[in-house]
Amino acid sequence: MGKALLDGINSPADLKKLNVDELPMLAQEIRDIIINTVASSGGHLASSLGAVELVIGIHYCLNAPEDVVIWDVGHQAYAHKILTGRKDRFATLRKAGGLSGFPNKYESEYDVFTTGHGSTSISTALGIAAARDLENKHYKIVAVIGDASLAGGMAFEALNHAGHLRKNMLVILNDNEMSISKSVGALSKYLNRIITAPAYNRIRKDVEGLLTRVPRFGFRVIRAARRLEEGLKNLLVPGMLFEELGFRYFGPIDGNNVRVVIDTLKNITGLNEPILLHVVTKKGKGYSHAENGPEKFHGISSFDVDTGEKVLAAKDAVSREGFTKTFGNKIIEMAETDKRIVAITAAMPEGTGLDKFAKAFSDRFFDVGMAEQHAVGFAAGLARKGLKPVVAIYSTFLQRSYDQIFHDVCLQNLNVVFMLDRAGIVGEDGPTHHGVFDISYIRHFPNIVSMAPKDENELKDMFEWAVSYDNGPVAIRYPRGASYISKLSSGNSPQIVLGKGELLKQGRDVTIVSIGYMSNIALEAASFLMEDGIDAEVINARFIKPIDIELITKSFLKTGRLFTVEEGVISGGFGSGVLELIIDKVSKDTIIKNIALPDRFIEHGDRQKLLDKYGLSSKKIAEAVKKEWRR
Ligand SMILES: Cc1ncc(C[n+]2csc(CCOP(=O)(O)OP(=O)(O)O)c2C)c(N)n1
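Our numbering puts the first residue of the sequence shown at 8, with every later residue one more than the last.
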């Protein structure tokens, strides 16, 4: 079936040739493409479906790329990609070499900013507005931010500054009352009060009705009505937060009604001040499975369009618990007896495996919203009073909390347990989401212990150990998915002892010291090497800090050839840590090589393929060892 309207649209200029009456049909066509593509490639479906009319409205009324649009997180911007010349490549979404799942400044001039982390858009937009004014230019600037992202500290800091600078910019608050799960927090309750304030809503509807008849009434009448509405709004909705912060507040409007969106944008984009437009949308709009299950369809792998059921790859079909679930079950088991355990997530109870804990121990569970910095500061307070906070945050998002890890936790030497999920290459979400820096950004702080399990059984042991450790903070990192090599998962590994590694295989020719999941791969590499007559000793380091330098040195003195293997960036990584400690044992007759990710941002693509590309598959590790061996 031909896409009648979309066929002719290769840029926002083409979009503007359509009549407003045709736009709902266009929205439908865009939704069809999004649903069918994400069903095969996976991606952020529900958020993008909810924002289709908003995207159409923005590109209909603005003049991108001269006018600037910044998408917060950027996971809702699929329609933006489709309307800005990328519809023919949309089928390559998130695939290696294909379109990024997020705005990417290297991909299109319409993607002004590469994004993926939340709460940044207002700061960026304000910076661009200040630059525009210094250059005496006059383009428009819009930041589109979700209700959950607005609750992140950086967004609040930006609102505060924007109200002070009073730059001409538009912040569109895309409020679907959802984060990945239901939005939490006082701000969310406040927004809900605005949306549901009955008296105000009646007046708002009248004014909205007036707006749709703009040509007949003329701009001055509209302005007067708006002013009246705003005056009443301040009376009827207690404490107009955004107005107090220096923004003119408009809304809430129905963000899934493209005509209302366009009429409103036309009326407000000419105003020369900071404006906040509150738009209410339905997450998952237009696809019933996503409307009914927005959590499941926030970020989803391949699924069947008719049933909405996930299509499992053959390797996933085997029952595999995976690191996330293992942690989720273990913390429940331990919390039954250890009353000190409390759990904290930053808007990701499902993703971190804490959803079951939240149900089992609702009073000991805290979802702080998309506020990773606060999550860590909050944990510090809990730990200061003797509780055992477990902070579960993806490696990439914990980067937000760098200073809190330093100031609020390590400096105070508090017993906080950090669970860093998705540590390593995550795959299709790409450079904003790969968790490849945590080894480096954690290991240089005094007091903290840092570790990584080779498999799910070791994760359980390490978590148990971390909770029992009362001498300071502990971080445990583990990758996305499961350890697919089952031979390690016997559950009979030696006990966890602070700073002690595990000898996995004895050998006489070379030493391979690996950390975490890479120990699976290193062992496999050792068996490849054996085929070539090279007998590798393999050590599972277990601890990134403190490093078991005794075990490593002993092996190195025997073999004279040391290879470290880690799924993290090479600079300041685990291998660097080993080098720092072993430097005095190095001579011209010895070989040391760190096998790790290069000092560059890693693109999106299939996780296993990326690991191979960057030298972290068993074959590539064996090759690297052989190369040095032959020297
Ligand atoms: C700093 C940071 N923390 C967590 C995430 C993971 N994350 C991606 S989208 C999202 C929820 C966003 O909700 P909202 O801003 O309301 O947008 P919606 O998806 O509802 O449109 C979360 C928690 C992130 N991208 N960045």
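In this text, a Cβ means the ideal position worked out from N, Cα and C, and glycines have one as well.
Cβ-based neighbour list, Pro501, same chain, cut-off 7 Å, excluding 5 preceding and 5 following: In the sequence shown, counting from the first residue as 1, residue 501 sits at position 494. Correct list, in chain order: Glu509.
DSSP state of Thr288 mapped onto helix, strand, coil: Along the sequence shown, one-based indexing puts residue 288 at 281. Of the three classes helix, strand and coil, the one that applies to Thr288 here is coil, per DSSP.
Tyr621 (DSSP reduced to helix, strand or coil): Counted from its first residue, the sequence shown places residue 621 at position 614. In this structure, Tyr621 counts as coil in the three-state DSSP scheme.
Met176 - DSSP class collapsed to helix/strand/coil: Counting from 1 along the sequence shown, the entry for residue 176 is found at position 169. The answer is strand: DSSP assigns Met176 an E or B state.
Per-residue DSSP class, three states only, for Arg429: Numbered from its first residue, the sequence shown carries residue 429 at position 422. Coil at Arg429, not helix or strand.
Pick from Glu280, Ala136, Glu116 that is closest to Pro72, judged by C-alpha positions: Within the sequence shown, numbered from 1, the residue matching residue 72 stands at position 65. Looking at the Cα atoms, Glu116 is the closest of the given residues.
Closest by C-alpha distance to Asp362, when choosing among Glu302, Leu198, Asp542, Ile210: Against the sequence shown, residue 362 aligns to sequence position 355. Taking only the C-alpha atoms, the option nearest Asp362 is Glu302.
7 Å CB neighbourhood of Gly49 in its chain, flanking five on each side removed: Sequence index remark: in the sequence shown, residue 49 carries index 42 (1-based). Taken in chain order, the residues that qualify are Arg101, Ile307, Ser308, Ser309, Glu435.
Local conformation of Leu510 per DSSP, three classes: Residue numbering aside, residue 510 sits at position 503 when the sequence shown is read from its first letter. Three-state DSSP puts Leu510 in a strand.
Per DSSP, the bridge partner or partners of Asn464: By one-based count along the sequence shown, residue 464 stands at place 457. Looking at the DSSP output, Asn464 bridges to nothing.
Cβ neighbours of Lys627 in the same chain (closer than 7 Å, five flanking residues each side left out): By one-based count along the sequence shown, residue 627 stands at place 620. If we look at Lys627 and ignore the five residues flanking it on each side, its Cβ neighbours are Asp619.
Identified DSSP bridge partners for Phe5: Outside the displayed range of the chain (8 to 638) lies residue 5, so it cannot be described from this structure.
Residues near Ile400 by beta carbon distance below 6 Å, same chain, minus five either side: Within the sequence shown, residue 400 is the residue found at index 393, counting from 1. Ala353, Glu379, listed in sequence order.
With 16 other Cβ atoms within 10 Å as the buried cut-off, status of Val325: Your numbering for residue 325 matches position 318 in the sequence shown. In this prediction, Val325 has a pLDDT of 48, which is less than 50 and means its spatial position is unreliable; nothing more can be read from the coordinates.
Enclosing alpha helix (DSSP H) for Thr127 [first to last residue]: Looking up residue 127 in the sequence shown gives position 120. Run containing Thr127: none; DSSP gives neither H nor E here.
Minimum C-alpha distance to Ala297 - residue among Ser188, Val474, Ile135, His451: Counting from one through the sequence shown, the residue named residue 297 turns up at place 290. Selected option, being the one with the closest Cα: Ser188.
Beta carbon of Ile152 nearer than 9 Å to that of Asp79: As a working mapping, residue 152 is identified with position 145 in the sequence shown. As a working mapping, residue 79 is identified with position 72 in the sequence shown. Cβ distance < 9 Å, so Ile152 and Asp79 count as in contact.
Cβ-based burial, Val27 [other Cβ within 10 Å; buried from 16]: As a position in the sequence shown, residue 27 is number 20, starting the count at 1. The residue in question, Val27, is exposed, as its Cβ has fewer than 16 Cβ neighbours within 10 Å.
Own chain, CB closer than 6 Å to Leu177, minus 5 neighbours either side, in chain order: Position 170 of the sequence shown, counted from the start, is the residue given in the question as residue 177. If we look at Leu177 and ignore the five residues flanking it on each side, its Cβ neighbours are Val149, Ile282.
7 Å Cβ shell around Ala165 - same chain, five flanking residues per side excluded: Position 158 of the sequence shown holds residue 165. Within the same chain, Ala165 has close Cβ partners Ile129, Ser130, Leu133.
Spatially closest choice to Lys212 from Glu610, Phe257, Met247, by CA coordinates: By 1-based counting over the sequence shown, the position of residue 212 is 205. Per the Cα distances, Phe257.
Reduced DSSP secondary structure (H/G/I, E/B, other) of Glu280: Counting from 1 along the sequence shown, the entry for residue 280 is found at position 273. If DSSP states are grouped into helix, strand and coil, Glu280 belongs with coil.
Cβ neighbours of His87 in the same chain (closer than 6 Å, five flanking residues each side left out): Counting from one through the sequence shown, the residue named residue 87 turns up at place 80. Only residues of its own chain outside the window of five on either side were considered, and among them Val62 have a CB closer than 6 Å to the CB of His87, listed in chain order.
Per-residue DSSP class, three states only, for Lys392: Taking the first residue of the sequence shown as position 1, residue 392 is located at position 385. Three-state result, Lys392: coil.
Bridge-paired residues (DSSP) for Arg484: One-based indexing of the sequence shown puts residue 484 at position 477. The partner list for Arg484 (beta bridge, DSSP) reads Leu427.
Stretch-stretch touch, CB-based, cutoff 8 Å, three pairs: the region 454 to 471 with the region 555 to 563: no
Span separating the alpha-carbon of Asp311 from that of His124: For the purposes of this step, residue 311 is taken as the residue at position 304 of the sequence shown. For the purposes of this step, residue 124 is taken as the residue at position 117 of the sequence shown. Distance between the alpha carbons of Asp311 and His124 is about 28 Å.
In DSSP terms, what Ile648 is bridged to: This structure gives no information on residue 648, because the portion of the chain shown stretches from 8 to 638.
Three-state secondary structure (DSSP) of Gly575: Residue numbering aside, residue 575 sits at position 568 when the sequence shown is read from its first letter. The answer is strand: DSSP assigns Gly575 an E or B state.
Residue of Val75, His451, Asp606, Phe404 minimising C-alpha distance to Met355: Mapped onto the sequence shown, residue 355 falls at position 348. Out of Val75, His451, Asp606, Phe404, Phe404 has the C-alpha closest to the C-alpha of Met355.
Rounded separation between Thr121 and Phe109 - CA only: Looking up residue 121 in the sequence shown gives position 114. Looking up residue 109 in the sequence shown gives position 102. Those two C-alpha atoms are separated by around 7 Å.
Proximity test, Gln615 beta-carbon vs ligand 1 heavy atom, cut-off 8 Å: Locating residue 615 in the sequence shown gives position 608, counting from the first residue. It does not: the Cβ of Gln615 is nowhere closer than 8 Å to a heavy atom of ligand 1.
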